[in-house]
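Protein chains in written order, with the numbering used here: chain A, 82 to 480; chain B, 51 to 219.
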């Protein structure tokens, strides 16, 4: 007999209590954990860039370019976990050419394109055009061609043209902030609007996703900045790092408050799902929720960053803190996505049983696949940093 | 308008036109025939191999068991629930004599204690649900560990089907 039809007993060994037949397998796997994680990094990194650009927080200057390029490289990969999860990569484009207004997934294609092309691409293009023209004239070979191609063979770098670029870049960023909110709010919306699932269904979900996105994006740029500066053997701009840490702290507070609010609301309302969720949280999600997400990913960073606001240790110690904290935060946010996506599928909608999540190392939905989609953005980023090094840009002050 | 803005707009225009053209070219041919989806998807799904047959098809060859079963408590269970997918079996088993059925056509004969336990093992969650439903549709729950457990010393019958006929329990 065919194996897959005969393994009823094996399947039943995965469940506890009573679950409906369609709940035994988790349909949304690790790749769907990755997808909100990566889009979150994009939105977060972009918001950090716009802090400098729109809100004129000048100390953040060293991270502006890095943040933009980071957002761009992660954005290019953002849909890939979805595509490989669906398993029909050759048909992936069909969602774009046959959209339906009632399908949130189809609309996402356009939100994505808008954000990638109109916001990120244009902002980077206007920001780098003058430099690309100059670098194009200076370099040779393939690099020269790339610069020429990217700058569309334009040559006009008169102050007037550059001022115009700057102006348009500014407008694009202004449009970009609501777009970033839209992009990630949308991802939260997808989960928050699944009303059959009490673990997801809350209007707070888009907002929580948004703020956790900012937290993770800022932490990521922080690490990349530190690593890059070390590689380039430059001095770290401690003012800049302190300021990033400050914003990380503020947003982490909001994020923590929102998530706390969500949980307190759940506990106070104690709907019929409460007992099942309670057992879930203290059972299968205990480590990922309380230890990784809560303690290591939120409380520890929050307390450390809070302390730093009053008491500043020596730069040497702060540096170490600024390397460890973002890693903790990034891990915490990853497990937040994990708890939402995987956690939401572990309990039966009958509230009488639980299933288990297992995934292998290899295979279309395995850990290696997930790791690949996390590593590729860094390769893209390295290429972009080689092509468009933000530190070689001629100082312009965004007015 | 400055030259570079013009070029940029040009590139975007090309992209949009290209998108509209590609839309026409790449749109699956059967899209929209039956609704907002690819009509061929239905056809492609019918090509997938089938594993199960209709409930009555076993009756053709195993009528006695069917009549036996219809009188007992298991009357509402389909044969394939216990014996597994039987399409291939019901198509080809007729070509073989009694006792000569090749392994590839054999079906499950789930007669062990744990097999009956799949449905009858006591389960707090299950009982809670079933108390809400009408009593006659309830599956009786027994505790596998307590209900006539095998006695190793005396070599007593212990398999469920030693005492219960699976087709007429």
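A virtual CB, placed ideally from N, CA and C, is assigned to each residue, including glycine.
Computed from a prediction, not measured in an experiment: that's the story for all the values here.
With distances taken Cα to Cα, identify the nearest neighbour of residue 101 of chain B among B/219, B/77, B/155 and B/118.
If you number the second chain from 1, residue 101 of chain B lands on position 51. Of the candidates B/219, B/77, B/155 and B/118, the one whose C-alpha sits nearest the C-alpha of residue 101 of chain B is B/155.
Closer than 8 Å to chain B by CB, residue 349 of chain A:
Along the first chain, one-based indexing puts residue 349 of chain A at 268. Taking 8 Å as the CB threshold, residue 349 of chain A stays off the interface with chain B.
Through-space distance from residue 218 of chain B to residue 294 of chain A, alpha-carbon basis
Taking the first chain and counting its residues from 1, the one referred to as residue 294 of chain A is at position 213. Taking the second chain and counting its residues from 1, the one referred to as residue 218 of chain B is at position 168. Roughly 60 Å separates the two Cα atoms.
Taking beta-carbon pairs under 7 Å, can you tell me which members of the stretch 166-187 of chain A lie near chain B?
From the stretch 166-187 of chain A, only 174, 175, 178, 179 and 181 have a Cβ closer than 7 Å to chain B.
Could you tell me which of A/389, A/354 and A/289 sits nearest to residue 125 of chain A, measuring between CA atoms?
By one-based count along the first chain, residue 125 of chain A stands at place 44. Taking the Cα of residue 125 of chain A as reference, the smallest distance to any Cα among A/389, A/354 and A/289 is reached at A/289.
Kindly give me the distance between the Cβ atoms of residue 378 of chain A and residue 122 of chain A, rounded to whole angstroms, as I take these residues to be in contact under 8 Å.
Mapped onto the first chain, residue 378 of chain A falls at position 297. Mapped onto the first chain, residue 122 of chain A falls at position 41. Incorrect: roughly 15 Å between the Cβ atoms, too far for contact.
Check whether chain B comes within 8 Å of residue 277 of chain A, counting only Cβ atoms and requiring the distance to be less than that.
Position 196 of the first chain holds residue 277 of chain A. Residue-level contact check: residue 277 of chain A does not touch chain B, since none of the beta carbons of chain B fall below 8 Å from its beta carbon.
Out of B/215, B/70 and B/94, point me to the one whose CA is closest to residue 80 of chain B's CA.
Taking the first residue of the second chain as 1, we reach residue 80 of chain B at position 30. Of the candidates B/215, B/70 and B/94, B/94 places its Cα closest to the Cα of residue 80 of chain B.
Are the C-beta atoms of residue 76 of chain B and some chain A residue less than 8 Å apart?
If you number the second chain from 1, residue 76 of chain B lands on position 26. Judged by the 8 Å Cβ criterion, residue 76 of chain B is in contact with chain A.
Taking DSSP's pairing of strands, which residues face residue 215 of chain B in a bridge?
Along the second chain, one-based indexing puts residue 215 of chain B at 165. Answer is B/218, bridged to residue 215 of chain B.
Look at the alpha carbon of residue 284 of chain A and the alpha carbon of residue 270 of chain A, and state the distance between them as a whole number of angstroms.
As a working mapping, residue 284 of chain A is identified with position 203 in the first chain. As a working mapping, residue 270 of chain A is identified with position 189 in the first chain. Rounded to the nearest angstrom, the two C-alpha atoms are 8 Å apart.
Closest by C-alpha distance to residue 250 of chain A, when choosing among A/390, A/236, A/192 and A/202:
Working through the first chain from its first residue, we reach residue 250 of chain A at position 169. Here the closest residue by C-alpha is A/202.
With a 10 Å radius around its C-beta and 16 neighbouring C-beta atoms as the bar for buried, classify residue 420 of chain A as buried or exposed.
Stepping through the first chain from its first residue, residue 420 of chain A is reached at position 339. In this structure residue 420 of chain A is buried. Its beta-carbon is surrounded by 16 or more other beta-carbon atoms within 10 angstroms.
Following the continuous alpha helix (DSSP H) through residue 183 of chain A, name the residue where it begins and the one where it ends.
Translated into positions along the first chain, residue 183 of chain A becomes position 102. Where residue 183 of chain A is concerned, there is no enclosing alpha helix (DSSP H), given that its DSSP letter is neither H nor E.
Report the option in A/274, A/315, A/164 and A/279 whose CA atom is closest to the CA atom of residue 113 of chain A.
In the first chain, residue 113 of chain A corresponds to position 32, counting from 1. Residue nearest to residue 113 of chain A within the set A/274, A/315, A/164 and A/279 is A/164 (criterion: CA-CA distance).
Any heavy atom of the ligand GTP within a distance shorter than 7 Å of the CB on residue 113 of chain B?
Judged by which ligands are present, the structure shown has none, so any question about the ligand GTP falls away.
Residue 449 of chain A and residue 61 of chain B closer than 8 Å at C-beta
Taking the first residue of the first chain as position 1, residue 449 of chain A is located at position 368. Taking the first residue of the second chain as position 1, residue 61 of chain B is located at position 11. Contact: no.
Inter-residue spacing [alpha-carbon to alpha-carbon] between residue 229 of chain A and residue 200 of chain A:
Taking the first residue of the first chain as position 1, residue 229 of chain A is located at position 148. Taking the first residue of the first chain as position 1, residue 200 of chain A is located at position 119. Residue 200 of chain A has its alpha-carbon roughly 21 Å from the corresponding atom of residue 229 of chain A.
Pick out whichever of A/400, A/174 and A/190 has its Cα sitting closest to the Cα of residue 318 of chain A.
Within the first chain, the letter at position 237 stands for residue 318 of chain A. Out of A/400, A/174 and A/190, A/400 has the C-alpha closest to the C-alpha of residue 318 of chain A.
Residue-level contact to chain A via CB, residue 57 of chain B, 8 Å cutoff
Counted from its first residue, the second chain places residue 57 of chain B at position 7. Yes, residue 57 of chain B lies at the interface with chain A (some Cβ there is under 8 Å from its Cβ).
Which residue from A/119, A/111, A/173 and A/445 puts its Cα closest to that of residue 411 of chain A?
For this step, residue 411 of chain A is matched to residue 330 along the first chain. Checked all of A/119, A/111, A/173 and A/445; the closest Cα to residue 411 of chain A is A/119.
With burial defined as no fewer than 16 other Cβ atoms inside 10 Å of the residue's Cβ, what is the status of residue 395 of chain A: buried or exposed?
As a position in the first chain, residue 395 of chain A is number 314, starting the count at 1. So residue 395 of chain A ends up on the exposed side.
In three-state terms, what does DSSP make of residue 249 of chain A?
In the first chain, residue 249 of chain A corresponds to position 168, counting from 1. Helix, per DSSP.
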